[in-house]
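Engineer:
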Amino acid sequence: MTVGHRWPVDETPWPEQATLAYGELVELATPHPPLPELGRLGPEIAGTPGVIVACVVEQDERDDHVGPLYTVETEDGSPWRLRPEFLASRGGLHPGMPPRYRSDLPEGTRVRIRTESDTPGATTDAVGEVTGIWWTTSLEPPKGYVVQVGEESHCVAPQQTEVL
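Reading the sequence shown from the start, the letters are residues 0 to 163 in numbering that gives the first Met the number 0.
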(Lines of atoms letter the chains of each structure in order from A and count residues from 1; the text may use other names and numbers.)
(Lines give C-alpha, C1' and ligand atoms only; values in the text may rest on other atoms or scores of the structure.)
Protein backbone atom coordinates (compact mmCIF):
# COMPACT_ATOMS: atom_id res chain seq x y z
CA MET A 1 0.00 0.00 0.00
CA THR A 2 1.55 3.30 -1.08
CA VAL A 3 1.35 6.07 1.50
CA GLY A 4 -0.37 9.37 0.68
CA HIS A 5 0.22 12.81 2.15
CA ARG A 6 -1.38 12.63 5.59
CA TRP A 7 0.07 14.71 8.37
CA PRO A 8 -2.35 14.51 11.31
CA VAL A 9 -2.22 17.27 13.87
CA ASP A 10 -0.21 16.26 16.93
CA GLU A 11 -2.61 16.62 19.84
CA THR A 12 -0.07 15.55 22.47
CA PRO A 13 -0.44 18.05 25.35
CA TRP A 14 2.31 20.63 25.67
CA PRO A 15 4.40 19.81 28.80
CA GLU A 16 2.92 21.35 31.96
CA GLN A 17 6.41 22.38 33.13
CA ALA A 18 6.96 24.47 29.99
CA THR A 19 7.10 28.22 30.55
CA LEU A 20 7.43 29.00 26.83
CA ALA A 21 4.73 28.19 24.27
CA TYR A 22 4.77 26.45 20.89
CA GLY A 23 5.43 29.17 18.31
CA GLU A 24 6.73 31.67 20.88
CA LEU A 25 9.29 34.14 19.57
CA VAL A 26 12.55 33.95 21.53
CA GLU A 27 16.20 35.02 21.47
CA LEU A 28 19.09 32.73 22.30
CA ALA A 29 20.75 34.05 25.45
CA THR A 30 23.51 33.30 27.93
CA PRO A 31 22.12 32.96 31.47
CA HIS A 32 22.81 35.79 33.90
CA PRO A 33 24.28 35.10 36.34
CA PRO A 34 26.33 32.52 34.41
CA LEU A 35 25.84 28.81 35.06
CA PRO A 36 29.37 27.43 34.46
CA GLU A 37 28.23 23.78 34.56
CA LEU A 38 25.89 24.44 31.60
CA GLY A 39 28.27 26.48 29.46
CA ARG A 40 27.43 29.67 27.61
CA LEU A 41 26.56 30.92 24.16
CA GLY A 42 29.16 33.01 22.38
CA PRO A 43 28.53 36.66 21.53
CA GLU A 44 27.96 35.77 17.86
CA ILE A 45 25.09 33.45 18.89
CA ALA A 46 23.53 35.26 21.85
CA GLY A 47 20.71 37.49 20.62
CA THR A 48 19.87 35.28 17.63
CA PRO A 49 16.08 35.30 17.11
CA GLY A 50 14.13 32.07 16.81
CA VAL A 51 10.83 30.34 17.41
CA ILE A 52 9.92 27.47 19.77
CA VAL A 53 8.99 24.40 17.70
CA ALA A 54 9.01 21.59 20.30
CA CYS A 55 9.39 20.89 24.01
CA VAL A 56 10.16 17.74 25.98
CA VAL A 57 10.83 17.23 29.67
CA GLU A 58 14.16 15.47 30.11
CA GLN A 59 16.95 15.02 32.60
CA ASP A 60 20.06 17.06 31.79
CA GLU A 61 23.07 14.80 32.33
CA ARG A 62 25.30 17.82 33.08
CA ASP A 63 23.60 18.60 36.39
CA ASP A 64 20.78 15.99 36.71
CA HIS A 65 18.14 18.75 36.50
CA VAL A 66 14.80 17.49 35.14
CA GLY A 67 12.85 20.10 33.22
CA PRO A 68 11.82 21.43 29.81
CA LEU A 69 14.20 21.23 26.88
CA TYR A 70 13.06 23.36 23.94
CA THR A 71 13.76 22.90 20.25
CA VAL A 72 14.21 26.31 18.65
CA GLU A 73 14.50 27.08 14.97
CA THR A 74 16.48 30.26 14.33
CA GLU A 75 15.89 32.62 11.41
CA ASP A 76 18.62 30.91 9.38
CA GLY A 77 16.90 27.53 9.87
CA SER A 78 19.38 26.21 12.44
CA PRO A 79 17.89 23.87 15.04
CA TRP A 80 18.84 24.30 18.72
CA ARG A 81 17.89 22.24 21.80
CA LEU A 82 18.14 24.48 24.84
CA ARG A 83 17.00 24.78 28.42
CA PRO A 84 14.86 27.83 29.27
CA GLU A 85 17.85 29.53 30.94
CA PHE A 86 19.27 30.01 27.43
CA LEU A 87 16.12 31.57 25.97
CA ALA A 88 14.58 35.02 26.36
CA SER A 89 11.00 35.55 25.24
CA ARG A 90 10.55 38.35 22.70
CA GLY A 91 6.82 38.41 23.48
CA GLY A 92 4.21 37.09 21.13
CA LEU A 93 3.82 34.13 18.83
CA HIS A 94 5.05 33.57 15.29
CA PRO A 95 2.16 34.71 13.05
CA GLY A 96 2.59 31.94 10.45
CA MET A 97 3.20 29.02 12.77
CA PRO A 98 1.64 25.80 11.43
CA PRO A 99 0.05 23.27 13.76
CA ARG A 100 2.28 20.61 15.31
CA TYR A 101 2.22 17.55 13.08
CA ARG A 102 2.84 13.87 13.70
CA SER A 103 3.46 11.03 11.32
CA ASP A 104 0.55 8.93 10.12
CA LEU A 105 2.98 5.99 10.34
CA PRO A 106 4.10 5.12 13.88
CA GLU A 107 7.82 4.83 14.56
CA GLY A 108 8.97 1.31 13.77
CA THR A 109 6.55 0.80 10.86
CA ARG A 110 8.28 -1.41 8.27
CA VAL A 111 8.26 0.12 4.79
CA ARG A 112 9.75 -0.42 1.36
CA ILE A 113 11.27 2.72 -0.10
CA ARG A 114 12.41 3.61 -3.60
CA THR A 115 15.67 5.56 -3.63
CA GLU A 116 17.80 6.94 -6.43
CA SER A 117 20.40 4.50 -7.74
CA ASP A 118 23.97 5.28 -8.76
CA THR A 119 22.82 4.59 -12.32
CA PRO A 120 21.16 7.71 -13.81
CA GLY A 121 17.39 7.32 -14.04
CA ALA A 122 17.32 4.05 -12.08
CA THR A 123 15.83 3.41 -8.65
CA THR A 124 16.61 0.91 -5.90
CA ASP A 125 14.19 -0.66 -3.43
CA ALA A 126 15.15 -1.02 0.23
CA VAL A 127 13.29 -2.10 3.37
CA GLY A 128 13.55 -0.17 6.61
CA GLU A 129 11.68 1.32 9.56
CA VAL A 130 10.09 4.75 9.94
CA THR A 131 11.95 6.73 12.63
CA GLY A 132 10.28 10.13 12.25
CA ILE A 133 9.12 12.96 10.01
CA TRP A 134 11.36 14.67 7.45
CA TRP A 135 11.22 18.47 7.70
CA THR A 136 13.11 21.13 5.81
CA THR A 137 11.77 23.74 8.23
CA SER A 138 9.40 23.55 11.15
CA LEU A 139 7.53 26.53 9.73
CA GLU A 140 6.10 24.39 6.89
CA PRO A 141 4.32 21.03 6.77
CA PRO A 142 6.53 17.91 6.72
CA LYS A 143 8.07 16.74 3.43
CA GLY A 144 8.06 13.01 4.17
CA TYR A 145 9.48 10.32 6.43
CA VAL A 146 12.88 9.51 7.88
CA VAL A 147 13.45 5.79 7.27
CA GLN A 148 16.30 3.80 8.81
CA VAL A 149 17.76 1.17 6.45
CA GLY A 150 20.61 -0.64 8.16
CA GLU A 151 23.03 2.02 9.38
CA GLU A 152 21.73 4.70 6.99
CA SER A 153 18.82 7.14 7.35
CA HIS A 154 16.91 8.20 4.25
CA CYS A 155 14.53 11.13 3.80
CA VAL A 156 11.76 9.96 1.50
CA ALA A 157 8.54 11.46 0.19
CA PRO A 158 5.29 9.58 0.89
CA GLN A 159 5.10 8.65 -2.82
CA GLN A 160 8.38 6.71 -2.42
CA THR A 161 7.05 4.73 0.57
CA GLU A 162 5.11 1.47 0.66
CA VAL A 163 3.91 0.00 3.97
CA LEU A 164 4.76 -3.68 4.40
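For each residue, glycine too, the CB sits at the ideal point set by N, CA and C.
These figures come from a predicted structure and were not determined experimentally.
Would you mind sorting Leu163 into buried or exposed? The rule is 16 or more other CB atoms within 10 Å of its CB.
Structural biologist: The residue is exposed, with fewer than 16 neighbouring Cβ atoms inside 10 Å.
Engineer: Run through the DSSP bridge pairs and tell me what Trp79 is partnered with.
Structural biologist: BP columns for Trp79 point to Val71.
Engineer: By Cβ distance below 6 Å, which residues in the same chain neighbour Gly91 in space, the five residues on each side in sequence not counted?
Structural biologist: Only Leu24 meet the Cβ criterion.
Engineer: Considering only C-alpha positions, which residue in the set Gly95, Thr160, Glu72 is nearest to Ala53?
Structural biologist: Closest option to Ala53, Cα to Cα, is Glu72.
Engineer: With DSSP collapsed to three states, give me the class of Val162.
Structural biologist: In this structure, Val162 counts as strand in the three-state DSSP scheme.
Engineer: Give the single residue among Asp75, Trp133, Glu10 whose Cα lies nearest to the Cα of Val50.
Structural biologist: Of Asp75, Trp133, Glu10, the residue nearest in Cα terms is Asp75.
Engineer: Please work out which residues of its chain come closer than 8 Å, Cβ to Cβ, to Leu68, disregarding the five sequence neighbours upstream and downstream, and give them in chain order.
Structural biologist: Taken in chain order, the residues that qualify are Cys54, Val55, Val56, Glu57, Asp59, Arg80, Leu81, Arg82.
Engineer: Return the chain-ordered list of same chain residues with a C-beta closer than 8 Å to the C-beta of Tyr100, the five sequence neighbours on each side being excluded.
Structural biologist: Hits under 8 Å: Trp6, Pro7, Val8, Asp9, Ile132, Pro140, Pro141.
Engineer: Nearest-angstrom Cα distance between Asp124 and Tyr144?
Structural biologist: Using only the alpha carbons, I get a separation of about 15 Å.
Engineer: Excluding the 5 residues preceding and the 5 following Thr108 in the sequence, name in chain order all residues of the same chain whose CB lies nearer than 7 Å to its CB.
Structural biologist: Contacts found: Glu128, Val129, Val162.
Engineer: Under 8 Å Cβ to Cβ from Trp134, same chain only, skipping five residues before and after it: list those, please.
Structural biologist: Excluding residues within five positions, the ones whose Cβ falls inside 8 Å are Pro141, Lys142.
Engineer: Determine the extent of the beta strand (DSSP E) in which Ser137 is found, giving its start and end residues.
Structural biologist: No beta strand (DSSP E) holds Ser137; DSSP gives it neither H nor E.
Engineer: Does the separation of the CB atoms of Leu138 and Pro97 fall below 8 Å?
Structural biologist: Contact flag set, yes.
Engineer: Do you know whose CA, among Thr70, Gln158, Leu27, Val146, lies nearest Ala17's CA?
Structural biologist: Among Thr70, Gln158, Leu27, Val146, the Cα nearest to that of Ala17 is on Thr70.
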